[in-house]
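J.: Below is the structure I would like to discuss, written out as structure tokens.
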Amino acid sequence: MGKKVTYQGAQADVQWDGRLCIHISECGRAKNDLFVGGREPWCEPDRVSCEEVVDVVHRCPSGALTYTRKDGGPAEVPGSENVVRVMYNGPLYVNGDLEIDGAAADMDGVRFRAALCRCGHSKNKPFCDNSHEEANFKDYGAVGEKGDGQESKGGTLKVSRAPNGPLLLNGNFTIVAASGRKAWSGTRAALCRCGHSQNKPFCDGSHKDAGFQAD
Ligand code: FES
């Protein structure tokens, strides 16, 4: 963890950020030779087209992968909607036009895609580091509330952190339950990041009784 590596190609470079990778393997499972486990180097951008580089990098849910095109093609831009996906026993996957408080200035990928801790145990808050597995975090990702119904029209989604409390989201966004159901839409929400709420993914104030401590 902690390192950032650039894999250079003639048409595009690929960057991998070890501070963010949680090894979901969307890249390694792609049916092409861009990423091949056990190969040295693991990533070879010249093995595929620029379009395939873009496609595979966009699959990365944590923002660990980014690319720099050298063929004159467009740089990554945010999706037209901000979406928060609640993962089964895992983090919140967020994508869109993101401004995440606590992200280092050189974490380029989390402007578009990020995995945010909601179990309370990450040592890399606000990002998930897979500590939810060891912590045996259980939440199946149901969403009970509907929000104010405002449809997401894009724009920046700001994610800040209440000290010792929830994630505070401001902007147009939707929340998708782990079932895949588009469950909630609106412009602001406090989402649990201590792991104790009885109304996940929303905060219900349980962080106080739980003694949750985090910046
Ligand atoms: S949800 Fe993954 S470390 Fe907390």
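The sequence shown lines up with residues 44 to 258 when you count with my numbering.
Virtual Cβ for every residue (Gly too), placed ideally from N, Cα, C.
The structure presented is a predicted model; accordingly, all values stated were derived computationally and were not measured.
1. For the ligand FES, I want to know if D172 counts as a neighbour, meaning its beta carbon is within less than 7 Å of at least one of the ligand's heavy atoms.
2. Tell whether a beta-carbon distance below 8 Å holds between L63 and G139.
3. Would you mind sorting N215 into buried or exposed? The rule is 16 or more other CB atoms within 10 Å of its CB.
4. Say yes only if the C-beta of G145 is nearer than 7 Å to one or more non-hydrogen atoms of the ligand FES, and no if none qualify.
5. Under a Cβ-count criterion, where at least 16 other Cβ atoms within 10 Å of its own Cβ denotes burial, should N173 be classed as buried or exposed?
6. Alpha carbon to alpha carbon, how far is G190 from T111? Give it in angstroms, no decimals.
7. Select from L211, D114 and K196 the residue whose C-alpha is nearest the C-alpha of S203.
8. Is it buried or exposed for N125, if we count other Cβ within 10 angstroms and need 16 for buried?
9. Alpha carbon to alpha carbon, how far is A232 from P88?
10. Tell me the DSSP secondary structure of C86 in three-state form.
11. Which residue comes first and which comes last in the alpha helix (DSSP H) that contains K251?
12. Run through the region 96–141 for me and flag every whole alpha helix (DSSP H) of 4 or more residues, listed as ranges in chain order.
13. Looking at G238: is its Cβ nearer than 8 Å to the Cβ of R161?
14. Which same chain residues end up closer than 7 Å to P84 when comparing Cβ atoms and leaving out the 5 residues on each side of it in sequence?
15. If you draw a straight line from the C-alpha of C171 to the C-alpha of F78, how long is it?
16. Can you find a heavy atom of the ligand FES that lies under 7 Å from the Cβ of F180?
17. What residue does the beta strand (DSSP E) around S92 start on, and which one ends it?
18. Comparing the CB of R161 with every heavy atom of the ligand FES, is any distance shorter than 7 Å?
T.: Taking the structure as given:
1. Numbered from its first residue, the sequence shown carries residue 172 at position 129. Checking the Cβ of D172 against the ligand FES gives yes.
2. In the sequence shown, counting from the first residue as 1, residue 63 sits at position 20. In the sequence shown, counting from the first residue as 1, residue 139 sits at position 96. The answer is no: Cβ separation not under 8 Å.
3. Here residue 215 refers to the residue found at position 172 of the sequence shown. By the neighbour-count rule (16 or more Cβ atoms within 10 Å), N215 is buried.
4. Mapped onto the sequence shown, residue 145 falls at position 102. No, the beta carbon of G145 sits no closer than 7 Å to any heavy atom of the ligand FES.
5. By one-based count along the sequence shown, residue 173 stands at place 130. Counting other Cβ atoms within 10 Å of its Cβ, N173 reaches 16 or more and is therefore classed as buried.
6. Taking the first residue of the sequence shown as 1, we reach residue 111 at position 68. Taking the first residue of the sequence shown as 1, we reach residue 190 at position 147. Spanning the two alpha carbons is a distance of roughly 37 Å.
7. For the purposes of this step, residue 203 is taken as the residue at position 160 of the sequence shown. The candidate whose alpha carbon is nearest that of S203 is L211.
8. Residue numbering aside, residue 125 sits at position 82 when the sequence shown is read from its first letter. A residue is called buried once 16 or more other Cβ atoms fall within 10 Å of its Cβ, and N125 is buried on that count.
9. Start at 1 with the first residue of the sequence shown, and residue 232 comes out as number 189. Start at 1 with the first residue of the sequence shown, and residue 88 comes out as number 45. As the crow flies, the alpha-carbon of A232 is around 39 Å from that of P88.
10. For the purposes of this step, residue 86 is taken as residue 43 along the sequence shown, with counting starting at 1. If DSSP states are grouped into helix, strand and coil, C86 belongs with the strands.
11. Counted from its first residue, the sequence shown places residue 251 at position 208. That run of the alpha helix (DSSP H) goes S249 to A253.
12. Annotation note: the region 96–141 contains no uninterrupted alpha helix (DSSP H) run of length 4 or greater.
13. Locating residue 238 in the sequence shown gives position 195, where the first residue counts as 1. Locating residue 161 in the sequence shown gives position 118, where the first residue counts as 1. Cβ distance < 8 Å, so G238 and R161 count as in contact.
14. For the purposes of this step, residue 84 is taken as the residue at position 41 of the sequence shown. Taking P84 as the centre and dropping the five residues before and after it, the same chain places the C-beta of Y50 closer than 7 Å to its C-beta, in chain order.
15. By 1-based counting over the sequence shown, the position of residue 171 is 128. By 1-based counting over the sequence shown, the position of residue 78 is 35. Roughly 23 Å between the two C-alpha positions.
16. Numbered from 1 along the sequence shown, position 137 holds the residue referred to as residue 180. Answer for F180: yes, Cβ within range of the ligand FES.
17. Residue numbering aside, residue 92 sits at position 49 when the sequence shown is read from its first letter. Neither: S92 is in no beta strand (DSSP E) and is coded neither H nor E.
18. In the sequence shown, counting from the first residue as 1, residue 161 sits at position 118. Because some heavy atom of the ligand FES lies under 7 Å away, the Cβ of R161 counts as near it: yes.
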